[in-house]
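Enquirer: According to my numbering, the sequence shown is numbered sequentially starting from 302.
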Amino acid sequence: MISKDSKALGFTVPLCAVLMASLPWVVGCTKKSKDEPANTLRVAVPERVKGFDPIFADDLYAGTEVHRVYESLYQYHYLKRPYQLVPNLAESLPQVSKDGRTYTIPIRKGVLFQDDASFKATQGKGREMIAEDVVYSWKRLADPKLQSTGWWIFDGKIVGLNEWRDASTKSGAADYSAEIEGLKAVDRYTVQIKLKETSGQFLYFLAMPFSAVVAKEAVETYGKEFINHPVGTGPFVMKEFNAASKIVYDKNPTYRVELYPSEGEASDQTAGLLEDAGKRLPLVDRVVVEVVVEDQPRWLKFMKGEFDASGIPKDNFSQAMDASGKELNADLKGKGVKLAVNPSLDVTHYSFNMTDPVFGKNKLLRQAISLAFDSKPLIELFYNGRAIPAQGPIPPGLSGYDPEFKNPYREFNLEKAKELLAKAGYAGGKGLDPIEFQTLSSSTTRQMNEYFAKAIEALGLKVKFNTYSWPEFQQKVKSKQGQMWSFAWSADYPDAENFLQLFYSKNASPGPNDANYASAEFDRLYEQSLRLQDSPARTELYKKMSKIVVEDNPWIFGVHRLTYQLQHPWLKNWKYTEFDSTRGKYLRIDTALRK
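1. Nearest-angstrom Cα distance between Ser-700 and Tyr-843?
2. To the nearest angstrom, report how far apart Thr-522 and Lys-580 are at their CA atoms.
3. So, is Asn-808 buried or exposed, given that buried needs 16 or more other C-beta atoms within 10 angstroms?
4. Per the contact definition of three or more C-beta pairs closer than 8 Å, is the stretch 673 to 684 in contact with the stretch 789 to 809?
5. Thinking just about the alpha-carbon of each residue, which of Phe-414, Ser-478, Arg-409 is nearest to the one in Lys-440?
6. So, under 8 Å CB-CB, Ile-408 and Val-435 are touching, yes? Tell me the CB distance rounded to an integer number of Å.
7. Taking all protein chains shown into account, decide if Thr-649 is buried (16 or more other Cβ within 10 angstroms of its Cβ) or exposed.
8. Going by DSSP, name the residue or residues bridged to Ile-528.
9. Assuming Tyr-377 contacts Phe-880 (C-beta within less than 8 Å), just tell me the rounded distance between them.
10. Less than 8 Å between the C-beta atoms of Arg-557 and Val-412, yes or no?
11. So that I know if they touch, is there some Cβ in chain B lying closer than 8 Å to that of Phe-823?
12. With a Cβ-Cβ cutoff of 8 Å, do Val-344 and Val-590 count as a contact?
13. Classify Leu-888 as buried or exposed, calling it buried when 16 or more other Cβ atoms lie within 10 Å of its own Cβ.
14. Which one of Ile-454, Asp-488, Lys-848, Phe-506 has the shortest CA to CA distance from Asn-708?
15. Let me confirm a value: Gly-726 is counted as buried when at least 16 other C-beta atoms fall within 10 Å, else exposed. Which label applies?
16. Can you check whether the CB of Lys-876 is closer than 8 Å to the CB of Tyr-379?
17. Counting Cβ pairs, one atom from each stretch, are 3 or more of them under 8 Å apart for the stretch 610 to 617 and the stretch 860 to 869?
18. In angstroms with no decimal places, state the Cα-to-Cα distance between Asp-891 and Lys-634.
19. For the alpha helix (DSSP H) that Ala-754 lies in, which residues bound it at each end?
20. Alpha carbon to alpha carbon, how far is Pro-735 from Arg-349?
21. Rounded to the nearest angstrom, what separates Ile-406 and Glu-595 at their Cα positions?
22. Going straight from the alpha carbon of Leu-898 to that of Tyr-384, what length do you get?
23. Are Asn-854 and Gln-668 touching if we call contact CB-CB under 8 Å?
24. What's the call for Ala-545, buried or exposed, on a 16-neighbour Cβ count within 10 Å?
25. Mapping DSSP to helix, strand and coil, what is Leu-671?
26. Below 6 Å CB to CB, which residues in the same chain sit around Thr-450 once its five sequence neighbours on both sides are set aside?
27. For Pro-811, name the three-state secondary structure that DSSP assigns.
28. Runs of 3 residues minimum, wholly inside the stretch 529 to 567: which ones carry the beta strand (DSSP E) assignment?
29. Could you give the C-beta distance for Ile-454 and Met-509, rounded to a whole number, given that I count them as a contact under 8 Å?
30. With burial defined as no fewer than 16 other Cβ atoms inside 10 Å of the residue's Cβ, what is the status of Lys-763: buried or exposed?
31. To which residues does DSSP link Pro-644 through a beta bridge?
32. How big is the Cα-Cα spacing for Lys-332 and Ala-475?
33. Based on the DSSP output, what are the partners of Thr-403 in its beta bridges?
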């Protein structure tokens with residue numbers, strides 16, 4: 302999932318999705334208002350949240366907020382590793398036919414949508430969620446008029462869904478009453494899905510924010526404003542929304558019975574992560590999400606004890622750590638602050654817009670710029686050594702990652718870069734206009750932009766940076782405006798396919814293939830891999846696809862990061878997870894310790 306930071310909403314994610322410039326998800330508490338419950342979780346995000354419609358939850362921030370209010374059929378077990386899918390709105394894992402193409406999914410009975418004025422038939426009381434709601438929600442995802450950024454999860458996979466979409470395009474309006482062979486509500490509590498081909502990833506999609514279940518009444522009542530009026534089945538109800546400053550949620554009084562897990566990894570008992578086993582979720586009464594764009598205000602509030610947890614900004618790393626750089630300093634340890642260090646399933650990158658007439662047709666130009674960009678000083682300057690150079694799109698920890706492979710265009714070789722630049726037709730940078738680079742405005746982003754500009758200046762090239770807010774930036778990228786931009790991608794699900802789909806031609810913008818890369822050979826291998834379950838044969842296909850992308854160079858590969866997370870002792874049940882869009886319901890504040 303695209304994110305400015307990482308975890309990080311497909312989404313995941315990417316629910317979902319981090320620009321190279323920022324830092325981990327920040328949880329915190331600021332001085333509470335007079336009417337605020339003591340057991341309030343406070344969360345800071347580095348960019349404004351663009352809204353709550355699940356079908357547009359294509360970045361970390363939107364995915365996390367969507368999953369506070371909405372739910373998907375499945376979720377990841379909060380404590381178990383390796384990551385394990387468990388039922389959420391579904392009653393159980395699906396029954397799968399012998400040919401692996403038909404999924405029959407029972408839906409939980411008695412799950413209620415939150416109370417809302419849109420439910421006129423029940424005088425504002427939330428009605429029961431049923432199988433037809435699942436079908437309706439996924440048709441919305443496929444509706445061409447809505448232009449969902451999550452369509453890629455179902456595109457070409459469900460029997461009859463693409464045909465329904467095509468018919469909707471021709472008629473100018475989607476017929477939601479029309480039956481689809483591969484997507485049916487068999488009865489009130491059963492959904493049946495027929496796939497065109499077997500899929501090793503399909504079940505993961507049913508845990509993403511994109512596939513969350515919405516109520517038709519709310520969609521029709523609020524129309525274009527539905528994106529700002531979430532009405533779901535989830536653990537929290539949104540009470541206040543200001544995209545630029547704050548979102549407030551209260552515990553959903555009609556939330557179904559869901560209990561904190563009673564088992565996990567062997568170390569969870571010692572870590573105190575099972576103290577709340579069997580307690581009803583959510584464990585906090587309120588969540589306050591504050592938009593704090595810059596790193597330093599977040600860090601200073603954490604140091605004052607006003608934030609429950611924080612990542613460590615690059616400029617404060619030496620302040621937080623001891624001389625070895627591996628342990629917290631004595632002062633923070635003395636305050637009971639805990640440090641969690643975990644490798645992220647992510648990759649940072651600079652994208653070339655392959656639809657641009659200059660960069661899209663000139664592989665030598667792209668390779669030259671990649672060779673001039675040295676990521677080793679970048680790791681020290683901006684990550685305090687908390688990253689490793691990325692040689693391709695697949696991060697360590699996933700099948701298809703090859704620790705022995707070295708990307709020939711990621712070594713720092715200025716002479717070779719100048720040679721390729723000349724072969725590309727731009728010797729010494731002559732004849733090439735300044736590169737139009739779309740970016741954000743945070744201080745760390747500006748510093749990283751300066752580093753990039755200085756690196757390619759050695760080739761005689763210049764950059765023009767266009768600065769936008771996060772939603773504006775995404776709009777520019779999705780409309781293919783500009784020549785370059787930087788992103789990070791954090792895993793939506795634990796499969797390398799989630800990274801390789803970023804290069805599938807059918808996923809071009811507004812889909813997740815933001816580079817708009819297209820290769821017939823890559824597409825052929827990618828489609829072949831989709832029909833395989835996890836196996837050595839599929840892993841070999843993943844490696845072949847990675848090498849094709851490396852040679853074509855639609856990205857300058859950056860780094861795979863380590864996540865450093867600090868917690869004050871009153872924040873309970875925090876455990877690192879790549880797929881953290883549902884984490885808020887498990888967290889608890891020890892109010893006595895906080896005082």
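Idealized CB from N, CA, C, for every residue including glycine.
Expert: Judging by the given coordinates:
1. Distance between the alpha carbons of Ser-700 and Tyr-843 is about 8 Å.
2. For Thr-522 and Lys-580, the distance between alpha carbons rounds to 36 Å.
3. Buried, since its Cβ has 16 or more Cβ neighbours within 10 Å.
4. Result no; under three Cβ-Cβ pairs closer than 8 Å.
5. Of Phe-414, Ser-478, Arg-409, the residue nearest in Cα terms is Ser-478.
6. That belief holds up - the Cβ atoms of Ile-408 and Val-435 are roughly 7 Å apart, short of 8 Å.
7. Burial call: buried.
8. Bridge partners of Ile-528: none, in fact.
9. So it is a contact: roughly 5 Å between Cβ atoms.
10. In contact: Arg-557 and Val-412 (Cβ atoms closer than 8 Å).
11. In summary, chain B is missing from the structure at hand, where a single protein chain is found.
12. Yes, these two residues count as a Cβ contact at 8 Å.
13. The residue in question, Leu-888, is buried, as its Cβ has 16 or more Cβ neighbours within 10 Å.
14. If we check each option's Cα against that of Asn-708, Lys-848 comes out closest.
15. Within a 10 Å sphere around the beta-carbon of Gly-726 sit fewer than 16 other beta-carbons, which makes this residue exposed.
16. The answer is yes: Cβ separation under 8 Å.
17. Under the 8 Å Cβ criterion, the stretch 610 to 617 counts as touching the stretch 860 to 869, having at least three qualifying pairs.
18. A straight line joining the alpha-carbon of Asp-891 with that of Lys-634 spans about 18 Å.
19. Note, Ala-754: alpha helix (DSSP H), 744 to 758.
20. Looking at the backbone, the Cα of Pro-735 and that of Arg-349 are separated by about 30 Å.
21. Across the structure, Ile-406 and Glu-595 are spaced so that their CA atoms are roughly 44 Å apart.
22. Residue coverage of the chain in this structure runs from 302 to 896, which leaves residue 898 outside it and unanswerable.
23. With respect to Gln-668, Asn-854 sits close: the two C-beta atoms are nearer than 8 Å.
24. Counting Cβ neighbours within 10 Å, Ala-545 comes out exposed, since fewer than 16 surround it.
25. The sequence given here has Ser at residue 671, not Leu. Assigned with DSSP and collapsed to three states, Ser-671 falls in helix.
26. Phe-357, Asp-359, Pro-811.
27. Of the three classes helix, strand and coil, the one that applies to Pro-811 here is coil, per DSSP.
28. Listed in chain order, they are 537 to 543, 547 to 552.
29. Ile-454 to Met-509, Cβ: 6 Å. Contact.
30. Exposed.
31. Per DSSP, Leu-863.
32. In this prediction, Lys-332 scores a pLDDT of 48, lower than 50, which makes its location untrustworthy; the coordinate-derived value is nonetheless stated afterwards. When rounded, the distance between both Cα atoms is 48 Å.
33. Lys-495.
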